[in-house]
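Engineer: Quick one: the structure is below, and I'll ask about it shortly.
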Amino acid sequence: MMMLFSGLLGAATMLLVDWALWPSFRTVLAVCMIAGYVIVAAVGAVGLVRSR
8 MMMLFSGLLG AATMLLVDWA LWPSFRTVLA VCMIAGYVIV AAVGAVGLVR SR
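Under our numbering, think of the first position of the sequence shown as 8, with each following residue one higher.
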């Protein structure tokens with residue numbers, strides 16, 4: 008469940024960043040991918056800490 012939520016959150020963030028910085032699509036794509044990975048990693052770390 009946590010993975011699904013983090014995945015949806017990452018996808019939503021990617022869409023928002025994509026709309027916000029539309030002019031340079033490739034830069035946006037790179038930023039979105041990095042942001043998505045960072046968010047998933049952060050949520051995963053928080054989930055691991057809370058589960059202990």
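By construction, the Cβ of each residue, glycine as well, lies at the ideal position given by its N, Cα and C atoms. The structure presented is a predicted model; accordingly, all values stated were derived computationally and were not measured.
Beta-carbon separation of residue 24 and residue 45 under 9 Å?
Structural biologist: No, they are not a contact pair.
Engineer: Can you look up residue 59 in the DSSP assignment and give me helix, strand or coil?
Structural biologist: It is coil, neither helix nor strand.
Engineer: Compare the beta carbon distance of residue 51 and residue 10 with 9 Å and say whether it is the shorter of the two.
Structural biologist: The answer is yes: Cβ separation under 9 Å.
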